[in-house]
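**Student:** Take the position in the sequence shown, starting the count at 1, then add 208; the result is the number in this note's numbering.
We treat Cβ as the ideally placed atom computed from N, Cα and C, and that holds for glycine.
Because the structure is a prediction, the values reported are computed rather than measured.
If you scroll down you'll find the structure; I have some questions about it.
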Amino acid sequence: MNTTQTALVAGLLAAVAVWAPATAAEATVQPFPDVSRIAPTPPMGWNSWNHFAEHVTDADIRSAADFLVSTGMRDAGYVYVNIDDTWQGKRDAHGVLHSNERFPDMQALSQYIHAKGLKFGIYSSPGARTCAGYEGSLGHEAEDARMYAAWGVDFLKYDLCSLREDMKKAKAEHPDDPDVAKNIMIDAYRKMGAALSATGRTIVYSLCQYGVDQPWTWGPSVGASMWRTTGDISDSYARMSKIGFGQAGLAAFAGAGHWNDPDMLEIGNGKMSEDEYRTHMSLWALLAAPLLAGNDLSKMGPADRQILTNPDAIAIDQDSLGSQGERLYRDGELEVWRRPLSGGRVAVGVFNRGESPRDVSIKLARVGFPGGASLRDVWKQKDLGRRSRSFKDTVPKHGVTLLIVSSR
Ligand code: GAL
């Protein structure tokens, strides 16, 4: 983050702290220790939802862990293995939540994952029910957090789901209080943040509430390392590009330790072209987005593997400056995005959202290099040498040219 962005975020967080009305729940919550070191770069891994959805089993998770290693994904940085919704069974008389029959032994599963040099992620909801109707954490936050820590959980996705109904009800009961629903939500997220923090275990706390009430302005104050900015992605160019290009304007709210999350990856799920998946990966890298693959790794072909493990795209995503990219300009269906990188370099994405190939010419002065620059083409994996004024290329329909630009 540059100085202006840091000041902006600090100002916003201060504003949130002043503005947020104190509630009874807040009064009992301890201030958060600094969680910014938990995810210094956007978390990378794999999540079960986009491919397996509610059918996921222990065997699928073990297989994902195996394939993360054998495909080179782990070594490329994809280390979290996250079970999404539908692992939960019933709570017993002591309030302890048990996993269901598809997950016979969570401790053993966690050990299996950790033994492979991977990390273990899990999912719950601040509501009584998850989105798939399974048991949520409402009223059991502290005991659930302790159980996650005992299982060796490294990542929690916390999905609003049925708490939305409680929020709606409160809104109907208190029509004169415009913030009642928002306060219920923030308190609920803060409660689990505090419970995770109290376990003493390092757990990435990932908020999933579809961008309701601008979580980027209050996510850090509840201990979150990342927060969803949108509704659900699907394996379609229309949906992916709507979400991805819709992230313009959010860069000031991301930085080392706290990330905007435009949802998980669909690369490899089969319903987009290779160019479209390259657009997906390029946008997420420029956006400093968490990279959580969501495909069936046991069936991944070489093209999808190359897209997911492109070393330059990953280096852009994980760049140590932690500065999120922004749209620089639009020209009809052409969009040029720019992300500052460490060492004075920048990443530039030239996207063609149109329906036919497009010849483009990008002035280097416009992306910050009036004296010319050296270029590397990320998808061709090729150094293009120096250009003094401009860069020309043909970008395929729904495709991208992704460059790393440096003055040297
Ligand atoms: C949605 C969430 C998805 C997935 C699903 C599980 O609310 O956005 O990513 O977690 O619930 O039921």
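Is Ala501 helix, strand or coil when you go by DSSP?
**Tutor:** One-based indexing of the sequence shown puts residue 501 at position 293. If DSSP states are grouped into helix, strand and coil, Ala501 belongs with the strands.
**Student:** Taking Ala402 as part of the alpha helix (DSSP H), name the residues at either end of that continuous run.
**Tutor:** Counting from one through the sequence shown, the residue named residue 402 turns up at place 194. Looking at the DSSP string, the run of the alpha helix (DSSP H) that includes Ala402 is 388 to 407.
**Student:** Quick one: is Tyr537 buried, meaning 16 or more other Cβ sit within 10 Å of its Cβ, or exposed?
**Tutor:** Residue mapping note: residue 537 aligns to position 329 of the sequence shown, counting from 1. It is exposed - the Cβ of Tyr537 has fewer than 16 other Cβ atoms within 10 Å.
**Student:** Using the Cβ count rule (16 or more neighbours within 10 Å means buried), how would you classify Ala230?
**Tutor:** Start at 1 with the first residue of the sequence shown, and residue 230 comes out as number 22. Here the model assigns Ala230 a pLDDT of 40, short of 50, so the residue's position is not dependable, and the following value carries that caveat. With fewer than 16 Cβ atoms within 10 Å of its Cβ, Ala230 is classed as exposed.
**Student:** What distance in whole Å lies between the Cβ atoms of Thr338 and Asp293, which are believed to be in contact at a cut-off of 8 Å?
**Tutor:** As a position in the sequence shown, residue 293 is number 85, starting the count at 1. As a position in the sequence shown, residue 338 is number 130, starting the count at 1. Yes, Asp293 and Thr338 are in contact; Cβ-Cβ is about 5 Å, under 8 Å.
**Student:** Since Gly502 contacts Trp257 with CB under 8 Å, what's their CB separation in whole angstroms?
**Tutor:** For the purposes of this step, residue 502 is taken as the residue at position 294 of the sequence shown. For the purposes of this step, residue 257 is taken as the residue at position 49 of the sequence shown. That pair is a contact at about 6 Å.
**Student:** Which stretch, first to last residue, makes up the beta strand (DSSP E) that contains Asp520?
**Tutor:** Here the question's residue 520 lines up with position 312 in the sequence shown. Per DSSP, Asp520 belongs to no beta strand (DSSP E); it is in the alpha helix (DSSP H), 519 to 525.
**Student:** Can you tell me whether DSSP reads Ile321 as helix, strand or coil?
**Tutor:** Within the sequence shown, numbered from 1, the residue matching residue 321 stands at position 113. In the structure shown, Ile321 sits in a helix (DSSP, three-state: H, G or I).
**Student:** With a threshold of 6 Å on Cβ separation, who are the neighbours of Glu484 within its own chain once the five nearest residues in sequence on each side are excluded?
**Tutor:** Mapped onto the sequence shown, residue 484 falls at position 276. Cβ within range, chain order: Tyr445, His606.
**Student:** Does the contact criterion of 3 or more C-beta pairs under 8 Å hold for the region 359 to 366 versus the region 323 to 341?
**Tutor:** yes
**Student:** Can you tell me which of the three DSSP states Phe640 falls into?
**Tutor:** No answer is possible for residue 640: the residues shown for the chain start at 209 and end at 616.
**Student:** Indicate whether the contact test is met: 3 or more Cβ pairs, each with one atom in the region 420 to 431 and one in the region 449 to 457, closer than 8 Å.
**Tutor:** no
**Student:** Taking Asn560 as part of the beta strand (DSSP E), name the residues at either end of that continuous run.
**Tutor:** One-based indexing of the sequence shown puts residue 560 at position 352. Element bounds for Asn560: 554 to 560.
**Student:** Any heavy atom of the ligand GAL closer than 8 Å to the beta-carbon of Lys365?
**Tutor:** Stepping through the sequence shown from its first residue, residue 365 is reached at position 157. Yes; taking the cut-off as 8 Å, the Cβ of Lys365 has a heavy atom of the ligand GAL nearer than that.
**Student:** Using the DSSP secondary-structure output, state which residues sit across from Met252 in a beta bridge.
**Tutor:** Residue numbering aside, residue 252 sits at position 44 when the sequence shown is read from its first letter. DSSP, once it has assigned bridges, lists Leu499 as partnering Met252.
**Student:** Taking 8 Å as the cut-off, does the CB of Leu368 come closer than this to any heavy atom belonging to the ligand GAL?
**Tutor:** Residue 368 sits at position 160 when you count from the first residue of the sequence shown. Under cutoff, so the answer is yes.
**Student:** Taking one C-beta from the region 524 to 543 and one from the region 247 to 256 each time, how about it: are there three or more such pairs within less than 8 Å?
**Tutor:** When C-beta atoms of the region 524 to 543 are compared with those of the region 247 to 256, three or more pairs fall below 8 Å, so the two segments count as touching.
**Student:** If Val558 sits next to Val603, beta carbons under 8 Å apart, how far is it from one beta carbon to the other, in whole angstroms?
**Tutor:** Here the question's residue 558 lines up with position 350 in the sequence shown. Here the question's residue 603 lines up with position 395 in the sequence shown. Confirmed, Cβ separation roughly 6 Å.
**Student:** From Arg566 to Asn560, what does the alpha carbon distance come to, in whole angstroms?
**Tutor:** Counted from its first residue, the sequence shown places residue 566 at position 358. Counted from its first residue, the sequence shown places residue 560 at position 352. One C-alpha to the other measures close to 7 Å.
**Student:** For Asn258, report the span of its alpha helix (DSSP H) as first-last.
**Tutor:** Indexing the sequence shown from 1 puts residue 258 at position 50. 257 to 260 is the span of the alpha helix (DSSP H), which, as asked, contains Asn258.
**Student:** So, do the region 398 to 405 and the region 368 to 375 have three or more beta carbon pairs nearer to each other than 8 Å?
**Tutor:** no
**Student:** Can you grab the Cα-Cα spacing for the pair Asn468 / Leu458, in whole Å?
**Tutor:** Walking along the sequence shown from the start, residue 468 turns up at place 260. Walking along the sequence shown from the start, residue 458 turns up at place 250. Using only the alpha carbons, I get a separation of about 8 Å.
**Student:** Which whole-angstrom value is the C-beta distance of Gly152 and Ala573, which I expect to be below 8 Å?
**Tutor:** The first residue shown for the chain is 209 and the last is 616, placing residue 152 beyond what the model contains.
**Student:** Do you know offhand how far Leu495's Cα is from Leu346's?
**Tutor:** As a working note, residue 495 is residue 287 in the sequence shown. As a working note, residue 346 is residue 138 in the sequence shown. Cα to Cα, the separation comes out at about 32 Å.
**Student:** With a Cβ-Cβ cutoff of 9 Å, do Ser318 and Leu505 count as a contact?
**Tutor:** Position 110 of the sequence shown, counted from the start, is the residue given in the question as residue 318. Position 297 of the sequence shown, counted from the start, is the residue given in the question as residue 505. Cβ atoms of Ser318 and Leu505: not closer than 9 Å.
**Student:** Report the CB separation of Arg584 from Asp591 in whole angstroms; it is logged as a contact under 8 Å.
**Tutor:** In the sequence shown, residue 584 corresponds to position 376, counting from 1. In the sequence shown, residue 591 corresponds to position 383, counting from 1. 5 Å between Cβ atoms; contact.
**Student:** Does the Cβ of Gly280 lie closer than 8 Å to at least one heavy atom of the ligand GAL?
**Tutor:** Residue numbering aside, residue 280 sits at position 72 when the sequence shown is read from its first letter. No; taking the cut-off as 8 Å, the Cβ of Gly280 has no heavy atom of the ligand GAL nearer than that.
**Student:** In angstroms, rounded to a whole number, what distance separates the CA positions of Ala511 and Ala389?
**Tutor:** In the sequence shown, counting from the first residue as 1, residue 511 sits at position 303. In the sequence shown, counting from the first residue as 1, residue 389 sits at position 181. Whole-angstrom Cα-Cα distance: 45 Å.
**Student:** From Met281 to Phe275, what does the alpha carbon distance come to, in whole angstroms?
**Tutor:** As a working note, residue 281 is residue 73 in the sequence shown. As a working note, residue 275 is residue 67 in the sequence shown. One C-alpha to the other measures close to 8 Å.
**Student:** Just grab the DSSP bridge partners of Phe599 for me.
**Tutor:** Against the sequence shown, residue 599 aligns to sequence position 391. Ile570, per the DSSP bridge assignment.
**Student:** Could you tell me if Arg546 is buried or exposed, where buried requires 16 or more neighbouring beta carbons within 10 angstroms of its beta carbon?
**Tutor:** Looking up residue 546 in the sequence shown gives position 338. Buried, by the Cβ-count rule.
**Student:** Just to confirm, is the Cβ distance from Gly533 to Ser615 under 9 Å?
**Tutor:** The residue you call residue 533 lines up with position 325 of the sequence shown. The residue you call residue 615 lines up with position 407 of the sequence shown. Contact: no.
**Student:** Put Ile269 into one of helix, strand or coil per three-state DSSP.
**Tutor:** Your numbering for residue 269 matches position 61 in the sequence shown. For Ile269, the secondary structure class from DSSP, reduced to helix, strand or coil, is helix.
**Student:** Are Glu349 and Met400 close, meaning C-beta to C-beta below 9 Å?
**Tutor:** For the purposes of this step, residue 349 is taken as residue 141 along the sequence shown, with counting starting at 1. For the purposes of this step, residue 400 is taken as residue 192 along the sequence shown, with counting starting at 1. Pairing Glu349 with Met400 gives a Cβ-Cβ distance under 9 Å.
**Student:** Can we count Thr338 as close to the ligand GAL, meaning its CB is less than 8 Å from some heavy atom?
**Tutor:** Taking the sequence shown and counting its residues from 1, one reaches residue 338 at position 130. Answer for Thr338: yes, Cβ within range of the ligand GAL.
**Student:** Could you pull the DSSP bridge partners for Asn468 from this structure?
**Tutor:** The sequence position of residue 468 within the sequence shown is 260, counting from 1. Asn468 pairs with Trp435.
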